[in-house]
Structure formats: structure tokens, C-alpha cells
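The opening position of the sequence shown corresponds to residue 0 in numbering that gives the first Met the number 0, with each subsequent residue numbered one higher.
We put the CB at the ideal spot given by N, CA and C, even for glycine.
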Amino acid sequence: MIRQREEFLSELTQLIQLSLEDRRLSDVLQQIAKKLRDLIRADNCYIYFWNGNLQAPVSFAASDPVDLTPQDFSVLPDEAMLIKNFLEGGKPLVIKNANNSPYLGAPRNLG
């Protein structure tokens, strides 16, 4: 248990260090997406920016751009509303199973 906590804190420290590096924002965010994916043991991690004028998320970074670039994934209307609601609520959202989640509209097959 202590070992897991040490590893988690070490990964979190690396994540913070990445965010402080003086590089192109897109490169930093891609590295952060990779670290977050590994930290929470997810299949993938995507980072969106919220466009206040459009009231919609804009894809910006993916944890594995070799297989999937940010332009390759899109946000469905119900997902955009979900993101907006969670942004306004100020609480993080973790979707454990994107193929079958009450947070997302219709079930989907993501591979």
C-alpha cells in the first residue's frame, strides 16, 4: 500500500514537472495526457479546451497521437453538454467504461 502511494506521488510529481516545462503547449499537453493515462491506468487520455464562444469542447491533445490524433476524435452533442455541466460544477469526471456509461448517451463500441 505504501509502495503504491509512493509510485502514485512520484508520477504526480513528474506530471507537475511536465506542466512547468518551457516548451510548446501542444507538446506539454501531449506528455501530460500520456502521464495521466498511465497514472489512472486508462486506455487513452484526451485533453480538450473549452471554447466559450462556441460553447463547445475543442480537441487539443491525445495520449497516443500515433494511433489517434485529436482531429480523429469528435464530441457528440450530449457529451459536449456533459463537459459543459461538469466544467460549471467544478468537479472531475472519470468514466470507467466508455462503452457503457450512464454519463454518455447511447452505448457505443470503442474497440
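Heavy atom of the ligand ATP within 8 angstroms of residue i beta-carbon
| i | result |
| --- | --- |
| S100 | As for the ligand ATP, it is missing from this structure, which has no ligand bound. |
Residue i, enclosing beta strand (DSSP E) - first and last residue
| i | result |
| --- | --- |
| P56 | 55-61 |
| I46 | 45-50 |
Enclosing alpha helix (DSSP H) for residue i [first to last residue]
| i | result |
| --- | --- |
| I82 | 76-88 |
| S73 | Unbroken run through S73: none, as it is neither H nor E. |
| P32 | The sequence as given places Ala at residue 32; Pro does not occur at that position. Run containing A32: 24-38, per the alpha helix (DSSP H) assignment. |
Candidates the options, of which the one nearest residue i by Cα
| i | options | result |
| --- | --- | --- |
| D77 | V93, S9, P56, Y45 | P56 |
| Q54 | S100, L14, E87 | E87 |
| L35 | R22, D63, A79, K83 | D63 |
| I15 | I1, L38, M0, N96 | L38 |
Simplified DSSP state of residue i, which is helix, strand or coil
| i | result |
| --- | --- |
| G110 | Because the pLDDT at G110 is just 48, under 50, the model does not fix this residue reliably, and the point stays unresolved. |
| S18 | helix |
| S9 | helix |
Own chain partners of residue i with C-beta closer than 8 angstroms, once the 5 adjacent residues on each side are dropped
| i | result |
| --- | --- |
| A60 | S25, L28, Q29, I31, A32, Y45, I46, P69 |
| L11 | L38 |
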